[in-house]
Amino acid sequence: MVDGVAGGTGGDGGRKKVSSGGRKGLSDGVHHGLEGDGEKSAAAEVRTGRSAGSVGVRLSTILPVTRFIACDDIVARGCHDDPDLCKPGDVFVARLAAGSDGHEAAARAIARGVSGIIAERIIPTFGTPLCIVPDTAWAQARLEQALVGDPAHRLKVIAVTGTSGKTTTAWLVAAVLSEAGHVVGVLSDIGCLDANATEPVAADLGQPGVLAKWLARLEAGGCSHAVVEVSSAMLSQRMLAGVPCDTVVVTNLARAHLDDHGSVEAYHEIKGRIVEGLTSDGCLVANVDDPRVRRLVARWSADGPGRGQAGAVIGVGLCRPAELSATAVERSLGGQTFLIRHGGHSVAVGVSTPVASFVRDALLAAAVGLRHGVPLELVARGLEATGSVTGRLDRLRRGQEAHVFVDHPTSGHALATTLASLRRLTPGKLVVIAEEEWAEDFGGGHRFACRAARWCNESLVVPSDILHPSAGRRQISAYARIDRLLSRLGRHDCVLLLGTRLPSGGGPSDPGESVPLAALVDAWLAAAHPAVWGSGRRAA
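So this is what it looks like as structure tokens:
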């Protein structure tokens with residue numbers, strides 16, 4: 000509805016004028032998350048228990064740079080960037096996306112009775128109120144947060160980004176904070192977990208409405224802290240608009256996702272956007288071993304007063320001097336022990352994940368813990384209680400001598416880091432087996448095999464339907480190769496399985512479903528190494 004009377008009387012004479020004063024000097028607000036005074040009153044309204052979506056959100060109070068056409072303001076009770084999902088009272092957001100332009104779909108949204116359009120340029124609206132903004136992606140993300148009451152304003156948000164290590168770091172941060180008694184929710188690539196759940200729930204955090212609703216769910220569930228894994232895709236779509244971050248963690252910046260962002264420079268610029276969401280007293284936790292991260296820290300520190308003060312940046316490093324550092328005590332395929340050093344104190348941490356990148360991620364999590372007042376001893380206890388992160392380098396144990404891991408890296412950098420670390424720790428053969436569909440995301444089976452040959456003695460790319468009832472010669476041949484390879488493994492060998500993680504339910508519920516590679520190998524190991532009654536060996 001147009002603000003006040005405009006949606007009810009339809010006449011200019013009864014339209015209520017809404018002041019746009021106090022918005023000069025905010026030309027960069029859409030890109031930097033600057034917020035108007037109206038947001039404070041909106042937040043106060045939410046604290047009374049009323050849902051912002053039930054009374055609507057005035058766009059002028061949350062969008063710092065706007066130009067209204069055919070109205071003085073617009074009240075939104077919902078928003079969509081898909082015109083077919085719009086209903087009366089909603090606002091349609093004309094988003095720009097790869098291969099599509101939401102401005103061309105505005106007429107369909109108008110036909111469904113939307114109360115207004117948010118666009119980046121003037122388009123025909125046939126009298127429907129129009130709001131012009133510099134960036135519709137930012138505007139939609141900000142509006143979605145406002146519609147659920149701006150829950151991030153009442154949470155301590157820890158945002159984690161980087162080319163690799165985001166998921167592991169996010170869950171280790173949650174473990175450290177939980178060990179200190181904080182109620183923590185996690186929104187990550189492998190699922191979302193609130194205070195009352197025991198298993199992560201899959202969610203598409205690349206949708207601004209989904210992210211907003213999950214933050215609201217965490218707040219409603221009593222969480223004090225929210226750990227959010229932030230991908231470059233989320234940053235490119237301005238998903239953190241309206242999400243003030245108490246702490247930002249940057250794991251590393253490498254060469255990745257060029258198909259999505261065009262160039263290394265563009266990718267790094269997009270990653271750098273995450274610091275725009277830091278509050279005035281926020282903290283940047285950075286891996287200073289990475290020169291690109293150091294440059295990001297230097298730019299951020301120089302951009303504003305107080306950012307170079309003590310506590311504004313916490314650096315961690317394995318190779319360079321930093322506030323937090325770590326030294327390996329022992330490391331093998333069975334696990335590792337390392338010392339974390341901070342301010343003249345040190346503490347030993349023992350974990351089951353053997354790769355060196357886990358130590359870096361643990362240091363970043365420790366830095367977040369210290370930022371939030373967690374003693375170093377409790378930090379170590381939280382890290383040891385986790386030991387590993389489900390969905391990242393899971394270990395399969397069925398009594399076999401060889402070490403078998405399951406991983407699902409999301410970038411070539413993450414895969415290379417894992418393989419390089421496993422190569423150093425493996426005295427015998429290092430073998431990698433990848434699901435065909437997964438290998439396609441890394442340039443296809445041939446390219447994957449060429450890259451893996453740098454570290455691995457053998458590599459296999461196998462179809463995902465090996466055990467399908469209609470399996471043919473190709474699938475049977477692939478299973479024979481897996482069988483032959485696994486049969487030759489010894490105690491000094493290591494296997495890395497790449498693809499879908501081992502199902503928590505044990506296997507497919509439908510006979511027609513494909514069996515993940517991890518489940519197939521797990522079943523093979525269980526059959527080849529049957530448990531001895533009374534041995535006390537637990538299944539993986």
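All residue numbers for the sequence shown refer to numbering that gives the first Met the number 0, where the first residue is 0 and numbers rise by one.
Where is the CB? At the ideal position from N, CA and C, for every residue including glycine.
My understanding is that residue 186 touches residue 213, with C-beta atoms under 8 Å, so please give their C-beta distance in whole angstroms. 5 Å
Go ahead and label residue 449 buried or exposed: buried means 16 or more other beta carbons lie within 10 angstroms of its beta carbon, across all protein chains shown. exposed
Can you list, in chain order, the residues of its chain whose CB lies under 6 Å from that of residue 466, leaving out five sequence neighbours each side? 514
Cβ-based burial, residue 252 [other Cβ within 10 Å; buried from 16]: buried
Which stretch, first to last residue, makes up the alpha helix (DSSP H) that contains residue 360? 355–370
Tell me residue 118's beta-bridge partners as DSSP assigns them. 131
Jot down the residue ranges of each uninterrupted beta strand (DSSP E) in the stretch 233–303, minimum 3 residues, whole runs only, in chain order. 244–249, 277–286
As assigned by DSSP and simplified to three states, the class of residue 91: strand
Could you tell me which of 250, 100, 92 sits nearest to residue 109, measuring between CA atoms? 92
By how many angstroms is the C-alpha of residue 524 removed from the C-alpha of residue 221? 42 Å
With C-beta atoms as the reference, is residue 357 less than 8 Å away from residue 348? no
With DSSP as the reference, identify every bridge partner of residue 458, one or two as the case may be. 431
Stretch pair the stretch 161–170 + the stretch 128–142: three plus CB contacts closer than 8 Å: no
As assigned by DSSP and simplified to three states, the class of residue 75: strand
Quick check on residue 21: does DSSP put it in helix, strand or coil? Its pLDDT being 33, under 50, residue 21 is placed unreliably by the model, and the measurement read from it follows with that caveat. Residue 21: coil per DSSP, three-state reduction.
Would you list the one or two residues that DSSP bridges to residue 337? 327, 348
Report the rounded CA-to-CA distance for residue 209 versus residue 231, giving the unit in angstroms. 17 Å
Could I get the ranges of all uninterrupted beta strand (DSSP E) runs contained in the stretch 168–220, with 3 residues as the minimum, in chain order? 183–187, 190–192
Can you tell me the Cβ-Cβ gap for residue 59 and residue 88, rounded? I've got them flagged as a contact below 8 Å. Not a contact, Cβ separation roughly 17 Å.
Given a cut-off of 8 Å, decide if residue 131 and residue 66 are closer than it, judged by their beta-carbon atoms. yes
How do the stretch 265–272 and the stretch 417–436 stand: do at least 3 beta-carbon pairs fall below 8 Å, yes or no? no
Touch test, the stretch 353–367 against the stretch 380–395, Cβ-Cβ under 8 Å, three pairs minimum: yes
Determine contact between the stretch 194–208 and the stretch 282–300, defined as no fewer than three beta-carbon pairs at a distance below 8 Å. no
DSSP three-state call for residue 317: helix, strand or coil? coil
Give the single residue among 496, 387, 441, 292 whose Cα lies nearest to the Cα of residue 455. 496
Which same chain residues end up closer than 6 Å to residue 211 when comparing Cβ atoms and leaving out the 5 residues on each side of it in sequence? 143, 144, 147
So, under 8 Å CB-CB, residue 284 and residue 370 are touching, yes? Tell me the CB distance rounded to an integer number of Å. 7 Å
Opening and closing residue of the beta strand (DSSP E) in which residue 66 lies: 66–68
What do you reckon, are the CB atoms on residue 462 and residue 473 nearer than 8 Å? yes
Sorted by chain position, which residues of the same chain lie with C-beta nearer than 6 Å to residue 46's C-beta, five sequence neighbours on each side aside? Note on residue 46: pLDDT 34, under 50, position unreliable in the model; no value is reported.
Between residue 55 and residue 75, what straight-line distance do the alpha-carbon atoms span, to the nearest angstrom? 5 Å
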